[in-house]
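> Residue numbers (the numbering used here): 87 to 352.
Virtual Cβ for every residue (Gly too), placed ideally from N, Cα, C.
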Amino acid sequence: MKWIKNIEDFKDHIFGNKERVSERKPASEVSEKPKEVYERACSLIAKKLSELGFMYYPSQHKLKLNNETGNYSLFVKFSSSRYNVADNYVEFRADFYINSKELKEYSKKNPLINKKSETLIGGDIGHIVNPTKGKLVLNLIDKTDFDSATKTIPESIKLNLIPLFEKFQNSKKMIESQFFGFDFSPITATQYLLAFDRPDIAENYLSDYLNREPKKILADYIKATEKFKTENLPTEFVDGYGYGYNIALLEKAYGLKITVPNNVYS
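Below you can see the structure in the form of structure tokens.
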């Protein structure tokens, strides 16, 4: 079992994978192909989660659970690595995300410069297993890791992820308690709040967001607001400008009123 919490952990993980490839055995000596090990683990997890109502799509290595109304969907997506080595290393990772039909419909009718999204929140399954440790990577050749993948992950989904999924289905309660916090991106949070006609909370949310670290977000926002005073909004949304630019874009596109400390202009 490996946890990836920072860029150094990620670099070590990639380097280790590439180094391991040079130690591959001849095909004739392999007891089970990496793909077979990986798909066996996926199938075992899917079988356990099917008892909770999940549908499994083997070709995509993806599980889906709809709520009763069909307005919300929970997905769990498995993935592996091209650096797998038979009888030595078979990587297993999983991600989850929650989609909202209501957010999808709103985004279709009110696209933020052609930015359409239905995903409320998503992340690595490690955030559900242990929120403090980072991303979880398992080696299915290791029996302990295989057991963790096929036992711990389904248990964590049942005990932690499904209750989270249920919370997101109560939009009124979630908005009133501001449960969404900073787990959403600014675009997703704003579109979600506007979908339920709460521009007041959206304005407060974005104002608070700009006072977070790093201060560069606020600086980028101020720069972008000055730009939009003399220029029209872009004809299409382009990722890569950062959250500060995105918040200025949201403010202009939806006529929001965002407040920032007066001293930022001095």
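Do A288 and L206 have their C-beta atoms within less than 8 Å of each other?
As a working note, residue 288 is residue 202 in the sequence shown. As a working note, residue 206 is residue 120 in the sequence shown. No, they are not a contact pair.
> Beta-carbon within less than 8 Å of T236's beta-carbon, same chain only, minus the 5 sequence neighbours each way: which residues are those?
Taking the first residue of the sequence shown as 1, we reach residue 236 at position 150. Closer than 8 Å at Cβ, skipping near neighbours: A127, L130, I131, K134.
> So within the stretch 127-208, which uninterrupted beta strand (DSSP E) runs reach at least 3 residues, ignoring any that extend past its ends?
Entirely contained in the stretch 127-208, the beta strand (DSSP E) runs reaching 3 residues are, in chain order, 141-143, 148-152, 158-165, 177-186.
> By the 10 Å Cβ neighbour count, where 16 or more other Cβ atoms means buried, how is D231 classified, buried or exposed?
Counted from its first residue, the sequence shown places residue 231 at position 145. The residue in question, D231, is buried, as its Cβ has 16 or more Cβ neighbours within 10 Å.
> If you measure between the beta carbons of Q277 and S193, is that distance less than 8 Å?
To locate residue 277, count along the sequence shown from 1; it is residue 191. To locate residue 193, count along the sequence shown from 1; it is residue 107. Contact: yes.
> In the DSSP output, what is I93 paired with across the bridge?
For the purposes of this step, residue 93 is identified with residue 7 of the sequence shown, where counting begins at 1. In DSSP, I93 forms no bridge with anything.
> What does the Cβ neighbour count give for I100, buried or exposed, with the cut at 16 atoms within 10 Å?
Here residue 100 refers to the residue found at position 14 of the sequence shown. That one is exposed.
> DSSP has D210 in a bridge; who is on the other side?
Counting from one through the sequence shown, the residue named residue 210 turns up at place 124. Note: D210 sits in a beta bridge opposite D181.
> For the candidate residues D210, Q146, K202, G330, whose alpha-carbon lies nearest to that of R179?
Within the sequence shown, numbered from 1, the residue matching residue 179 stands at position 93. For the residues D210, Q146, K202, G330, the minimum Cα distance to R179 belongs to D210.
> May I ask you to report which of helix, strand or coil DSSP gives A123?
For the purposes of this step, residue 123 is taken as residue 37 along the sequence shown, with counting starting at 1. Going by the sequence as given, residue 123 is Val instead of Ala. It is helical.
> Please report the residue range of the alpha helix (DSSP H) in which E225 lies.
Indexing the sequence shown from 1 puts residue 225 at position 139. The displayed chain sequence assigns Asn, not Glu, to residue 225. Run containing N225: none in the alpha helix (DSSP H); it sits in the beta strand (DSSP E), 221-225.
> Among P272, H213, T311, which has the Cα closest to the Cα of L250?
In the sequence shown, counting from the first residue as 1, residue 250 sits at position 164. Checked all of P272, H213, T311; the closest Cα to L250 is H213.
> With 16 as the cutoff for other CB atoms within 10 Å, does I93 come out buried or exposed?
For the purposes of this step, residue 93 is taken as residue 7 along the sequence shown, with counting starting at 1. Counting Cβ neighbours within 10 Å, I93 comes out exposed, since fewer than 16 surround it.
> Assign K88 to one of three DSSP states: helix, strand, or coil.
Taking the first residue of the sequence shown as position 1, residue 88 is located at position 2. It is a strand residue.
> Return yes when the Cβ of L198 is within less than 8 Å of the Cβ of F282, no when it is not.
Here residue 282 corresponds to residue number 196 of the sequence shown, with the count starting at 1. Here residue 198 corresponds to residue number 112 of the sequence shown, with the count starting at 1. No, the Cβ-Cβ distance between F282 and L198 is not below 8 Å.
> If we count the other Cβ atoms within 10 Å of its Cβ and call it buried at 16 or more, is E317 buried or exposed?
As a first step, residue 317 is located in the sequence shown; it is residue number 231 there, counting from the start. Classification for E317: exposed.
> Looking at the structure shown, is V346 part of a helix, part of a strand, or coil, going by DSSP?
For the purposes of this step, residue 346 is taken as the residue at position 260 of the sequence shown. DSSP places V346 in coil when its eight states are reduced to three.
> Is it the case that the Cβ atoms of I344 and S293 are separated by a distance below 8 Å?
Numbered from 1 along the sequence shown, position 258 holds the residue referred to as residue 344. Numbered from 1 along the sequence shown, position 207 holds the residue referred to as residue 293. In contact: I344 and S293 (Cβ atoms closer than 8 Å).
> Which of helix, strand or coil does DSSP assign to N216?
For this step, residue 216 is matched to residue 130 along the sequence shown. Three-state result, N216: coil.
> On the criterion of 16 or more Cβ atoms from any shown chain inside 10 Å, does Y143 qualify as buried, or is it exposed?
Taking the sequence shown and counting its residues from 1, one reaches residue 143 at position 57. Exposed, since its Cβ has fewer than 16 Cβ neighbours within 10 Å.
> What would DSSP say about N297, mapped onto helix, strand or coil?
Sequence index remark: in the sequence shown, residue 297 carries index 211 (1-based). In the structure shown, N297 sits in coil (DSSP, three-state: anything other than H, G, I, E or B).
> Taking the alpha helix (DSSP H) that N332 falls in, what are its first and last residues?
Locating residue 332 in the sequence shown gives position 246, counting from the first residue. Residues 329-340.
> I need the straight-line Cα distance from F268 to L296, nearest angstrom please.
Locating residue 268 in the sequence shown gives position 182, counting from the first residue. Locating residue 296 in the sequence shown gives position 210, counting from the first residue. Reliability of the predicted coordinates at F268 is poor, the pLDDT of 45 falling under 50, and the value obtained from them is presented with this limitation in mind. For F268 and L296, the distance between alpha carbons rounds to 11 Å.
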